[in-house]
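Below is one structure; the comments refer to it alone.
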Amino acid sequence: MRSTSWIVGLIILTLVSAAASAQVTSDRLLSASKEPQNWLTYSGDYTGQRFSALDQINAGNAATLVPKWAYQTMAGGKFETTPLVVDGILYATGQDDRAFALDARTGRPIWQYQRNLPDDIRPCCGRVNRGLAMLGDRLFMGTLDAHVVALDAKTGNVLWDTSAVDYTKGYSFTLAPLVIKNLVLLGVSGGEYGIRGFIEAYDPTTGERKWRFYTVPAAGEPGNDSWEGDSWRIGGSPAWITGTYDPETNTTYWTTGNPSPSNRGIGRAGDNLYSNSLLALDPDTGKLKWYFQFTRHDEHDYDATQIPVMVNEGGRKLILQANRNGYFYVIDRTDGKLLHADSYAKVSWSKEKDSKGLPIPAKDASPTPDGNRVCPGAAGATNWMSPTYDPQTKLFYVTAREQCDLFSTAPQPYDAGHAYYGSAYFPNEDAEPFYGALRALDPETGKVKWEWKHPSPTWSGVLSTAGGLVFSGDAEGNFIALDAASGRALWHFQCGASVYSAPMTYAINGKQYVAVAAGSTLFTFGLP
Amino acid sequence: MRFLFLAVFSLAGFLAFLLPPQCARAQAKNPYAGDANIAKLGEYEFRANCAFCHGLGARGGGRGPDLTRTPKKHGDSDQEIFTVISNGVPGTAMPPNGATQQGVGMTEAEIWQIITYIRSVEHKPVDMTGDSLRGRQLFFGNAACSTCHMFKGQGGRLGPDLTATGTARSLDYLTESIRNPSRRLAQGLGEAMKEFTEEYETVNIVTADGTKLQGTLLNEDSFTIQFVDTREQVHSLEKASLKSWEKSRVSLMPVYDQKTLPDRDLEDILTFLVNRLRAPGGAR
Numbered sequence: 057m058r059s060t061s062w063i064v065g066l067i068i069l070t071l072v073s074a075a076a077s078a079q080v081t082s083d084r085l086l087s088a089s090k091e092p093q094n095w096l097t098y099s100g101d102y103t104g105q106r107f108s109a110l111d112q113i114n115a116g117n118a119a120t121l122v123p124k125w126a127y128q129t130m131a132g133g134k135f136e137t138t139p140l141v142v143d144g145i146l147y148a149t150g151q152d153d154r155a156f157a158l159d160a161r162t163g164r165p166i167w168q169y170q171r172n173l174p175d176d177i178r179p180c181c182g183r184v185n186r187g188l189a190m191l192g193d194r195l196f197m198g199t200l201d202a203h204v205v206a207l208d209a210k211t212g213n214v215l216w217d218t219s220a221v222d223y224t225k226g227y228s229f230t231l232a233p234l235v236i237k238n239l240v241l242l243g244v245s246g247g248e249y250g251i252r253g254f255i256e257a258y259d260p261t262t263g264e265r266k267w268r269f270y271t272v273p274a275a276g277e278p279g280n281d282s283w284e285g286d287s288w289r290i291g292g293s294p295a296w297i298t299g300t301y302d303p304e305t306n307t308t309y310w311t312t313g314n315p316s317p318s319n320r321g322i323g324r325a326g327d328n329l330y331s332n333s334l335l336a337l338d339p340d341t342g343k344l345k346w347y348f349q350f351t352r353h354d355e356h357d358y359d360a361t362q363i364p365v366m367v368n369e370g371g372r373k374l375i376l377q378a379n380r381n382g383y384f385y386v387i388d389r390t391d392g393k394l395l396h397a398d399s400y401a402k403v404s405w406s407k408e409k410d411s412k413g414l415p416i417p418a419k420d421a422s423p424t425p426d427g428n429r430v431c432p433g434a435a436g437a438t439n440w441m442s443p444t445y446d447p448q449t450k451l452f453y454v455t456a457r458e459q460c461d462l463f464s465t466a467p468q469p470y471d472a473g474h475a476y477y478g479s480a481y482f483p484n485e486d487a488e489p490f491y492g493a494l495r496a497l498d499p500e501t502g503k504v505k506w507e508w509k510h511p512s513p514t515w516s517g518v519l520s521t522a523g524g525l526v527f528s529g530d531a532e533g534n535f536i537a538l539d540a541a542s543g544r545a546l547w548h549f550q551c552g553a554s555v556y557s558a559p560m561t562y563a564i565n566g567k568q569y570v571a572v573a574a575g576s577t578l579f580t581f582g583l584p
Numbered sequence: 002m003r004f005l006f007l008a009v010f011s012l013a014g015f016l017a018f019l020l021p022p023q024c025a026r027a028q029a030k031n032p033y034a035g036d037a038n039i040a041k042l043g044e045y046e047f048r049a050n051c052a053f054c055h056g057l058g059a060r061g062g063g064r065g066p067d068l069t070r071t072p073k074k075h076g077d078s079d080q081e082i083f084t085v086i087s088n089g090v091p092g093t094a095m096p097p098n099g100a101t102q103q104g105v106g107m108t109e110a111e112i113w114q115i116i117t118y119i120r121s122v123e124h125k126p127v128d129m130t131g132d133s134l135r136g137r138q139l140f141f142g143n144a145a146c147s148t149c150h151m152f153k154g155q156g157g158r159l160g161p162d163l164t165a166t167g168t169a170r171s172l173d174y175l176t177e178s179i180r181n182p183s184r185r186l187a188q189g190l191g192e193a194m195k196e197f198t199e200e201y202e203t204v205n206i207v208t209a210d211g212t213k214l215q216g217t218l219l220n221e222d223s224f225t226i227q228f229v230d231t232r233e234q235v236h237s238l239e240k241a242s243l244k245s246w247e248k249s250r251v252s253l254m255p256v257y258d259q260k261t262l263p264d265r266d267l268e269d270i271l272t273f274l275v276n277r278l279r280a281p282g283g284a285r
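Chains as they are written, first to last, in the working numbering: chain S, 57 to 584; chain Z, 2 to 285.
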């Protein structure tokens, strides 16, 4: 409330200047948090905090929220997008590599694009796409057939279309790209296929690839000795969630997924670098500055593909990550040093930490022929869904899952483009009830401050706002506003399908909106 | 008339558009039939793709039927099983191949490997030794199963419909469900995009005016609860409006021990449930 007039003043000021330019410059991206009426990049700004300074919708009036409009893609499957909003226009993606531009005030379409995907694409987990990046009047999208496409923001026309890699080998793009200065960065998906993962950058004007960093080092490169024999060639380690960027040190932070095969360590003895790691890269060259590996020699599909959230606290520059393996890591982002790691969900894969405080895998946690019960289960204590950090409460909010699985061996030969898990997992036969929870973690202590328990696990991300609110969705179809300090639910709306996306917020003409995708529909809400 | 014709015509066109594409056009015969090495590959494929619902060893899990049983509800020939795996079973939790949203679709060869594996663990049709007719009398009579369970449209609504359970579940599972009903609760409603189905949990409610209700859960979210009470009334209530609500994993179904249901009676009821396809007399 206290900063409402300041924010409204800022919005009016920015609207005037935005109308003149109506383009996303790299300078605007650097100070994205100073124009909270817009949502210029996947996580809102480069920090990955998914926090908005908008406070018109707040703990005092959230109970009165009403739907403002809905846009239907009419596509099936999971709708995972986070829209961008730039100067009154909303840009988003949908299932099957759709993209569309809408009037963000009315939801009326301005253009629509759908990629003509080949029949033999290799998506891992649905025909999903998580969103766009923007620079100038261009939008950038990674596709399920492993192309990078630039769309004209005014028409949706394809400006360039570059094939990144052979999709029939199991490669695809599902993430929203990240624009840094004059480059478009993406990481590849395909951890279920025995790919060799990479992060790469494109020229936004020509579509020419400027650099590629392989997340599995080749023979002769540092780290290659963490792989047995030639296993590095099909070592996986995809990077399928958007990174963050610290302009002060010119460092971009990316996280990687499982080594391949995901649930079988036999044949790839070693730590398997840089799987399940946090990578600090130079965005201009793709050169690795340092790495931090969360889970060494993973056999449980504990992808580290959770947004590496940048927070400055106590004079330190930090990365916060609640990892799929059940630990909440606080890391110094200047050098990759672990400050502390605390479990925020039930964990049995690790029983001890090394001298630096890093949880290390227990010997008896490997998959077995008859099934070994390990926590977290294969879906993880969390997954790719965005968490949020609220600088007002100084709490980190994450979607958690309490589920253990039986991990059973199922060796498979490597066959390019075919599923390559090496193991299977399924819930305990005794049908232990699983549940999910939105948990508020204190980065200082690693403790859970409060939780909102979901009847079943959800794949929804979380948004926090200066209005003292956190927004998230559940598997039962509710979109919920909670009090950020107490975790009390203040409002909810039944969307009619499980939420598989992260909410975002924006404002037009001084009116704040909150948007979330669920089912085949993008919903927006506002005050009456 | 012309308008009506057009309307019907366009409706037909629209329906054709909605129909799922024919994915299962493979050969009708399993090219690997009887090959033990292929069956082993199929076992690994099964673990990776099917065991999540159908359990280790294909013996059935929480929501997936026991596939070691014959005859199978949705067809017993290789071609029929191939079609079920490829296209799924509409209206059930069985998804089309590649559409689970978790993991990767299987190739035709991999589906045949799985069928080869299922054949290798399949039992011969169970030769039930009980008296099916007497089982039916017990089901609808003294054992009072039909108070809460339907069979072919007759019976109660508090527990799951048992018309097809005899072909879907193993005898061990059926016996356990009768002797120890709370050990594993039956699965209920599954929503399209939700990972987990509801279970037949017991619900105890006290409404704002002090009315006490007991029943089985139909569905639930954070804010509402849907259940059928012991008088078969369906309720959908706001949790916030209730004096209290609780769920319990102790089933409302009574424990049928040796005293209540001697082994011979159990055998007759199981024979009635299992034989309903092969002995039409048993399910008159």
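Each residue gets a CB set at the ideal place from its N, CA and C atoms; glycine is no exception.
Practice task
Helix, strand or coil for Lys409 of chain S, going by three-state DSSP, please let me know.
Solution key: Reduced to three states, the DSSP call for Lys409 of chain S is strand.
Practice task
Within the same chain, show all residues whose beta-carbon is closer than 6 Å to that of Thr148 of chain Z, passing over the 5 residues directly before and after it, in chain order.
Solution key: Closer than 6 Å at the Cβ level, and outside the excluded window around Thr148 of chain Z, lie Gly157.
Practice task
Determine the closest residue to Ser516 of chain S out of Z:Asp266, Z:Met194 and Z:Gln138, with distance taken between C-alpha atoms.
Solution key: The option with the nearest alpha carbon to Ser516 of chain S is Z:Met194.
Problem - Sequence-distant residues of the same chain with beta carbon closer than 6 Å to Leu329 of chain S, five excluded per side - result: Correct list, in chain order: Gly279 and Ser282.
Practice task
In the DSSP assignment, find the alpha helix (DSSP H) that holds Ala480 of chain S and state where it starts and stops.
Solution key: Per DSSP, Ala480 of chain S is not a residue of any alpha helix (DSSP H); the beta strand (DSSP E) it occupies stretches across Ser479 to Pro483.
Problem - For His55 of chain Z, the three-state DSSP class (helix, strand or coil) - result: Of the three classes helix, strand and coil, the one that applies to His55 of chain Z here is helix, per DSSP.
Practice task
Taking C-beta pairs closer than 8 Å, name the residues in chain S that Tyr174 of chain Z reaches, listed in chain order.
Solution key: The CB of Tyr174 of chain Z never comes closer than 8 Å to any CB in chain S; the least such distance is about 11 Å.
Practice task
Please list, in chain order, all residues of the same chain as Pro273 of chain S whose beta carbon is under 6 Å from its beta carbon, the five residues on each side excluded.
Solution key: Hits under 6 Å: Gly279 and Asn280.
Problem - Interfacial residues, the segment 112–132 of chain S to chain Z, with Cβ spacing under 9 Å - result: Listed by position, the residues of the segment 112–132 of chain S near chain Z (Cβ gap below 9 Å) are Gly132.
Exercise for the section: Please decide whether Tyr172 of chain S counts as near chain Z, where near means a Cβ-Cβ distance under 8 Å. Expected result: First, the amino acid is wrong: residue 172 of chain S is Asn here, not Tyr. The beta carbon of Asn172 of chain S sits no closer than 8 Å to any beta carbon of chain Z.
Practice task
With DSSP collapsed to three states, give me the class of Asp398 of chain S.
Solution key: Three-state DSSP puts Asp398 of chain S in a strand.
Handout entry: Nearest to Asp530 of chain S (by Cα), restricted to the options S:Ala522, S:Gly524 and S:His548
Key = For the set S:Ala522, S:Gly524 and S:His548, the Cα lying nearest the Cα of Asp530 of chain S is the one of S:His548.
Exercise for the section: Would you mind listing the beta strand (DSSP E) stretches within the segment 503–582 of chain S that are 3+ residues and don't spill past its ends, in chain order? Expected result: Qualifying beta strand (DSSP E) stretches, in chain order: 504–510, 518–521, 525–529, 534–539, 545–550, 560–564, 567–574 and 577–582.
Exercise for the section: Could you give the DSSP three-state label for Thr148 of chain Z: helix, strand or coil? Expected result: In the three-state reduction of the DSSP assignment, Thr148 of chain Z falls in the helix class, which pools H, G and I.
Practice task
Using a Cβ-Cβ cut-off of less than 7 Å, give me the residues of the segment 27–59 of chain Z that come near chain S, in sequence order.
Solution key: So the close ones are Tyr45, Arg48, Ala49, Ala52, Phe53, Gly56 and Leu57.
Exercise for the section: If I'm right that Tyr169 of chain S touches Ala160 of chain S with Cβ under 8 Å, what's the distance once you round it to whole angstroms? Expected result: That belief does not hold up - the Cβ atoms of Tyr169 of chain S and Ala160 of chain S are roughly 18 Å apart, past 8 Å.
Problem - Amino acids of chain Z, ordered along the chain, whose beta-carbon sits closer than 7 Å to that of Tyr477 of chain S - result: What Tyr477 of chain S touches in chain Z, judged by beta-carbon distance under 7 Å, is Ala49, going in chain order.
Exercise for the section: Note down the Cα distance separating Ala49 of chain Z from Thr69 of chain Z, rounded to an integer number of angstroms. Expected result: Answer to the nearest angstrom: the Cα atoms are 18 Å apart.
Practice task
Indicate the three-state DSSP secondary structure (helix, strand or coil) for Glu111 of chain Z in the structure shown.
Solution key: Helix.
Practice task
Could you have a look at Phe490 of chain S and say whether DSSP puts it in helix, strand or coil?
Solution key: If DSSP states are grouped into helix, strand and coil, Phe490 of chain S belongs with coil.
Problem - Under 8 Å by beta carbon: chain Z residues contacting Gly427 of chain S - result: Near Gly427 of chain S (Cβ distances below 8 Å), the residues of chain Z are Leu57.
Practice task
Have a look at Cys24 of chain Z and Phe348 of chain S and give me their C-alpha separation to the nearest angstrom.
Solution key: For Cys24 of chain Z, the predicted model reports a pLDDT of 43, less than 50, meaning its position is unreliable; a value from the coordinates is still stated below. Each residue's Cα considered, the two are about 45 Å apart.
Problem - Whole-angstrom distance between Thr298 of chain S and Ile657 of chain S, CA atom to CA atom - result: Residue 657 of chain S lies beyond the residue range present for chain S, which begins at 57 and ends at 584; the question has no answer from this structure.
Handout entry: Leu267 of chain Z classed as buried or exposed, judged by whether at least 16 other C-beta atoms fall within 10 angstroms
Key = Here Leu267 of chain Z is buried. Its C-beta has 16 or more other C-beta atoms within 10 Å.
Handout entry: Buried versus exposed call for Val72 of chain S [16 or more other C-beta atoms within 10 Å across all chains shown]
Key = Any answer about Val72 of chain S is weak, because its pLDDT of 43 lies below 50 and its placement is not dependable; what the coordinates show is given next. The residue in question, Val72 of chain S, is exposed, as its Cβ has fewer than 16 Cβ neighbours within 10 Å.
Handout entry: Cβ of Phe197 of chain Z within 8 Å of any chain S Cβ
Key = Yes - at least one Cβ of chain S is within 8 Å of the one on Phe197 of chain Z.
Exercise for the section: Could you spell out where the beta strand (DSSP E) holding Gly150 of chain S opens and where it closes? Expected result: Membership of Gly150 of chain S in the beta strand (DSSP E) is indicated by the continuous run Ile145 to Gly150.
Problem - Cβ-Cβ distance between Val365 of chain S and Tyr445 of chain S below 8 Å - result: Yes, the pair counts as a contact, with Cβ atoms nearer than the cut-off.
Exercise for the section: Let me know if Gln550 of chain S comes out buried or exposed under the rule of 16 or more other beta-carbons within 10 Å of its beta-carbon. Expected result: Counting Cβ neighbours within 10 Å, Gln550 of chain S comes out exposed, since fewer than 16 surround it.
Practice task
Tell me whether Pro425 of chain S is buried or exposed, calling it buried when 16 or more other Cβ atoms sit within 10 Å of its Cβ.
Solution key: By the neighbour-count definition (other C-beta atoms within 10 Å, threshold 16), Pro425 of chain S is an exposed residue.
Handout entry: Proximity of Gly291 of chain S and Ser331 of chain S at Cβ, strictly below 8 Å
Key = If you check the CB distance, Gly291 of chain S and Ser331 of chain S come in under 8 Å.
Handout entry: Where Tyr45 of chain Z falls: helix, strand or coil (DSSP)
Key = For Tyr45 of chain Z, the three-state secondary structure derived from DSSP is helix.
Handout entry: Inter-residue spacing [alpha-carbon to alpha-carbon] between Ile226 of chain Z and His353 of chain S
Key = So the two alpha carbons sit approximately 44 Å from each other.
Handout entry: Backbone CA spacing between Val240 of chain S and Trp246 of chain Z [nearest angstrom]
Key = If you draw a straight line from the Cα of Val240 of chain S to the Cα of Trp246 of chain Z, it is about 53 Å long.
Practice task
Count the CB pairs spanning the segment 532–539 of chain S and the segment 427–445 of chain S that are closer than 8 Å, and state whether there are at least three.
Solution key: Output reads no: the segment 427–445 of chain S does not touch the segment 532–539 of chain S.
Problem - chain S residues whose Cβ lies nearer than 8 Å to that of Thr108 of chain Z - result: Per Cβ cutoff of 8 Å: His474.
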